[in-house]
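The listed protein sequences derive, respectively, from chains A and B. Per my numbering, residue 1 is the first one in the first sequence, and the count goes up by one each step. Per my numbering, residue 1001 is the first one in the second sequence, and the count goes up by one each step. Quick reminder that beta carbons are idealized off the backbone N, C-alpha and C, glycines included. Okay, so here's the structure we're looking at.
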Amino acid sequence: MRVRLAKNIFDLFTKEGRDASVSDLKRQGVDKVTLLGADQLAVLIEKSLDRALEHRVLELSEPEKAALLDRAQKEFETLRAELHGLEGETDKKRRELTDLESQLSGLHKDFASAGASLDAEIMAAARMDAARMPEPDIAVLYSVILQAGITNTAQAERAARAVVEYLRRERDAAEARAAIEHRARVELLERRLAKLNETLARTEFELEHALQNSNREEGMASIFKTVQGLRESAKDFERKRALLSELFQKNLVLQKGAASR
Amino acid sequence: MSEPTKTGDAKKDHGVLYIGIDFGTSRTSVSATNGQRATVLSYVGYPKDVVSRKLLKKEMLFGDEAVENRLALNLYRPLEYGVIKGSGTHESKQLSEKEWAENLKAAKDLLKHAVTLVKPRADELLYGVIGAPAQASVKNQKNLIECAKEVLDSVMICSEPFAVAYGIDRLDDVLVVDIGAGTTDLCRMHGTMPEEGDQITIPVAGDFIDIAIEKNIREKFPQAQLTRQMIKALKEKYSNVLADMTPAIAMIPIAGKPTPLDITDCIRDGCREIVRPITDAIAKLIASFDPDFQDRLKNNVLLAGGGSLIGGLDIAIEMDMNERLGTGHVMRIDEPTYGGANGALKIAQEMPADFWQKLK
């Protein structure tokens, strides 16, 4: 405060001061001057202000001093409470950020695990395809039936065909069942992945939002600490007061039950 | 920047920030007592899906940004004819419950965003005055208050042209013509609070001109490919009503190829379409005024609002008034875009403390 005051006084001198050359001064009849620097003047004014303030404090009565002290203490307490509140706010934001980060990390793990399960399913499907049961060989079956003592070749052939057909049907049914189960598993995993993906995107967005919030500006303070109202010195004071009063009355009526559509 | 919401934890004991808001169909302008002011196109967009949300990295977009990314957004222009769309006045179409709820949310989000633009502190009380069309119904005004109550600690609604007049200390024998996008509001001031008979709202304003210009261009160049956004941009660039206006040669696509087209007449004729309805409304307000003071009113017509920026509009209305009413003097206020917001701010600032308290 003191430094700023001295600097302001100094700036005022340098800005508002007039320059005068020696010859100008001589023309004005001045042949001798006492020099006093702007910085010295600033210091002198500041000292004089300090003295005036000290004097004012000495003039204060005890109750006035006590009231002044009380106001200063209250202001100090308010500022301290404000600071405390801001610190609490910062801690809260920090905790929220940590929570979000851990949530995000958990989601990343879930995502990786679901991706791995899907990969495993796809690999299993590929292995199943590779290990597909071979077509039954009708010639081999035919020779086995002949060896079993069925000498009628026509009957042996029919029996062989029937067995082959039965085996094919069974194999197809088993494969169809396996495919359905596999498809269901893959679909489930895909749904889970999609959900995880969406949750991940949302959490990332929230984290980004929270990070932005943590770097937020405080905003621009209003030039008014309290409600202003119409000044009595304002132009058309009476008329404006009447207009504002009427406007308020209309709003008061309007805002009773303003919640309904 | 702090979130302008009343639900925050911050204790509001730091100060009082007054805010004047012109919540307009086309633009929303805000002025505040921290020296900040801003204007934003009245558009709100929400990403259509997860992909667009991820791409845009935002839950909602406003103004120019929303218009630029409209293909990836569910885009809302929440106001119509100066009030929240679906409030059921003028030619405003009725909305379903779902549409109404979505539109109301968009209006609230837009208002919240507009307040954010003036950078309020979280620990300050926000007292705001919102300008509404001169003849907005009680229902319209209640809807506006419902939106504002979520953002401001205390709010008042006032007639937009009244705010303009109050803002420039012209409370006597003056006729304010506030030309917005959805409506043109006229209000005669005679030292007292304007009553219903002192105000006229006509649905002839910026959007009306857009439609007229589009019609003119399509008639003259049937192959021209135009959107309403392009028309708006052309109007803002070239709008004029004078016979000797600067030629308007615009690059407009024809079969995909940008082609220079002379749209001077289309623009001028489109802009001129509002002159007569405005003079009609002026004449109506003058004719119903005390004959001893009619000339004073005729010679103090003030143009405000974005629409008043049309080149030569003051001259055209003045000429029409001279022809029809014998005399007339029309002036444009200094800052038409902020006239309503500045006036609302002045009202907010001069309103006594106990009034604000009672409306909390």
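May I ask you to report which of helix, strand or coil DSSP gives residue i?
{"i": "residue 1062 of chain B", "result": "strand"}
{"i": "residue 110 of chain A", "result": "helix"}
{"i": "residue 1144 of chain B", "result": "helix"}
{"i": "residue 21 of chain A", "result": "coil"}
{"i": "residue 1327 of chain B", "result": "coil"}
{"i": "residue 92 of chain A", "result": "helix"}
{"i": "residue 61 of chain A", "result": "coil"}
{"i": "residue 104 of chain A", "result": "helix"}
{"i": "residue 1080 of chain B", "result": "strand"}
{"i": "residue 1040 of chain B", "result": "strand"}
{"i": "residue 1007 of chain B", "result": "With a pLDDT of only 40 at residue 1007 of chain B, under the threshold of 50, the placement of this residue in the model should not be trusted; the figure read from the coordinates follows. It is coil, neither helix nor strand."}
{"i": "residue 1277 of chain B", "result": "helix"}
{"i": "residue 138 of chain A", "result": "helix"}
{"i": "residue 1360 of chain B", "result": "coil"}
{"i": "residue 1124 of chain B", "result": "strand"}
{"i": "residue 1322 of chain B", "result": "helix"}
{"i": "residue 186 of chain A", "result": "helix"}
{"i": "residue 1240 of chain B", "result": "strand"}
{"i": "residue 1193 of chain B", "result": "coil"}
{"i": "residue 1170 of chain B", "result": "coil"}
{"i": "residue 1257 of chain B", "result": "strand"}
Using 10 angstroms around the beta-carbon of residue i, count the other beta-carbons present and answer buried if the total reaches 16, otherwise exposed.
{"i": "residue 1312 of chain B", "result": "buried"}
{"i": "residue 1091 of chain B", "result": "In this prediction, residue 1091 of chain B scores a pLDDT of 49, lower than 50, which makes its location untrustworthy; the coordinate-derived value is nonetheless stated afterwards. Label assigned to residue 1091 of chain B: exposed."}
{"i": "residue 1321 of chain B", "result": "buried"}
{"i": "residue 1235 of chain B", "result": "buried"}
{"i": "residue 1037 of chain B", "result": "buried"}
{"i": "residue 47 of chain A", "result": "exposed"}
{"i": "residue 1301 of chain B", "result": "buried"}
{"i": "residue 90 of chain A", "result": "exposed"}
{"i": "residue 166 of chain A", "result": "exposed"}
{"i": "residue 1249 of chain B", "result": "exposed"}
{"i": "residue 10 of chain A", "result": "buried"}
{"i": "residue 42 of chain A", "result": "buried"}
{"i": "residue 1103 of chain B", "result": "buried"}
{"i": "residue 161 of chain A", "result": "exposed"}
{"i": "residue 20 of chain A", "result": "exposed"}
{"i": "residue 251 of chain A", "result": "buried"}
{"i": "residue 1308 of chain B", "result": "buried"}
{"i": "residue 71 of chain A", "result": "exposed"}
Just to confirm my understanding: we take residue i, look at its own chain, exclude 5 residues before and 5 after, and list those with CB closer than 8 Å. What are they?
{"i": "residue 1359 of chain B", "result": "1154, 1155 and 1156"}
{"i": "residue 68 of chain A", "result": "60"}
{"i": "residue 193 of chain A", "result": "111, 114, 115 and 118"}
Within a Cβ cutoff of 6 Å, which residues of the same chain sit near residue i, ignoring the five residues on either side of it in sequence?
{"i": "residue 220 of chain A", "result": "none"}
{"i": "residue 146 of chain A", "result": "156"}
{"i": "residue 1269 of chain B", "result": "1216"}
{"i": "residue 249 of chain A", "result": "none"}
{"i": "residue 1262 of chain B", "result": "1249"}
{"i": "residue 1343 of chain B", "result": "1163, 1164, 1166 and 1167"}
Can you pull the chain E neighbours of residue i, defined as C-beta to C-beta under 7 Å?
{"i": "residue 255 of chain A", "result": "This model lacks chain E altogether, as its protein chains are A and B."}
What do you reckon, is the C-beta of residue i under 7 Å from a heavy atom of the ligand SAM?
{"i": "residue 178 of chain A", "result": "Annotation note on the ligand SAM: not contained in the displayed structure, which lists no ligands."}
So, for residue i: in the same chain, excluding its five sequence neighbours on each side, which residues have a beta-carbon less than 7 Å away from its beta-carbon?
{"i": "residue 1356 of chain B", "result": "1127 and 1154"}
{"i": "residue 1118 of chain B", "result": "1019, 1030, 1032, 1034, 1036, 1037 and 1038"}
{"i": "residue 163 of chain A", "result": "141"}
Near-chain B residues of the stretch 188–203 of chain A (beta-carbon distance less than 7 Å), N- to C-terminal order
198 and 201
Is there contact here, the stretch 1230–1249 of chain B with the stretch 1312–1325 of chain B, by at least three beta-carbon pairs under 8 Å?
In short, these stretches touch, since the Cβ pair count reaches three.
So if I threshold CB-CB distances at 9 Å, which residues from the stretch 226–242 of chain A count as touching chain B?
226, 227, 228, 229, 230, 231, 234, 235, 236, 239, 240, 241 and 242
Count the C-beta pairs between the stretch 1019–1028 of chain B and the stretch 1174–1194 of chain B that are closer than 8 Å, then say yes if the count reaches three, no if not.
yes
Do the stretch 1046–1057 of chain B and the stretch 1158–1167 of chain B make contact, defined as three or more Cβ pairs closer than 8 Å?
Judged by Cβ distances under 8 Å, the stretch 1046–1057 of chain B makes no contact with the stretch 1158–1167 of chain B, as fewer than three pairs qualify.
Any residues in the stretch 1034–1054 of chain B with a beta carbon nearer than 8 Å to a beta carbon of chain A? Which ones, in chain order?
Contact annotation: in the stretch 1034–1054 of chain B, residues whose CB is within less than 8 Å of a CB in chain A are 1034, 1035, 1036, 1050, 1053 and 1054.
Inter-stretch contact (C-beta, 8 Å, three-pair minimum) for the stretch 1191–1202 of chain B and the stretch 1322–1334 of chain B
no
Quick test of the definition: if touching needs 3 or more C-beta pairs under 8 Å, does the stretch 107–124 of chain A touch the stretch 182–194 of chain A?
yes
Okay, do the stretch 1133–1140 of chain B and the stretch 1107–1120 of chain B touch, 3+ Cβ pairs below 8 Å being the bar?
no
What residues in the stretch 90–122 of chain A bring their beta carbon closer than 7 Å to a beta carbon of chain B?
none
Check whether the stretch 1186–1194 of chain B touches the stretch 1283–1294 of chain B, counting contact only when three or more Cβ pairs, one atom from each stretch, lie closer than 8 Å.
yes
For the stretch 1071–1080 of chain B against the stretch 1040–1050 of chain B, are there 3 or more C-beta pairs whose distance is under 8 Å?
Under the three-pair Cβ rule at 8 Å, the stretch 1071–1080 of chain B counts as touching the stretch 1040–1050 of chain B.
The stretch 1122–1137 of chain B: positions lying closer than 8 Å to chain A by Cβ:
Taken in chain order, the members of the stretch 1122–1137 of chain B whose beta-carbon sits within less than 8 Å of a beta-carbon on chain A are 1122, 1123, 1124 and 1127.
Proximal residues, the stretch 1321–1354 of chain B versus chain A, C-beta separation under 8 Å
1347, 1349, 1350, 1351, 1352 and 1353
What are the residues in the stretch 1188–1216 of chain B lying within 9 Å of chain A by C-beta distance?
Within the stretch 1188–1216 of chain B, 1191, 1192 and 1193 place their CB atoms closer than 9 Å to a CB of chain A, listed in sequence order.
Specify whether the stretch 168–184 of chain A and the stretch 76–88 of chain A touch according to this definition: at least 3 beta carbon pairs, one from each stretch, less than 8 Å apart.
no
Could you list the residues in the stretch 72–83 of chain A with a C-beta less than 9 Å from some C-beta on chain B, going in chain order?
78, 81 and 82
The stretch 1100–1121 of chain B: positions lying closer than 7 Å to chain A by Cβ
1119, 1120 and 1121
Can you confirm whether the stretch 1144–1154 of chain B touches the stretch 1256–1273 of chain B when touching is taken to mean that 3 or more C-beta pairs between the two stretches lie within less than 8 Å?
no
Where the stretch 1157–1182 of chain B meets chain A: residues whose CB sits under 7 Å from a CB there:
1157, 1158, 1169 and 1171
Answer yes if the stretch 1333–1343 of chain B comes into contact with the stretch 1209–1223 of chain B, meaning at least three C-beta pairs across the two stretches below 8 Å, and no otherwise.
no
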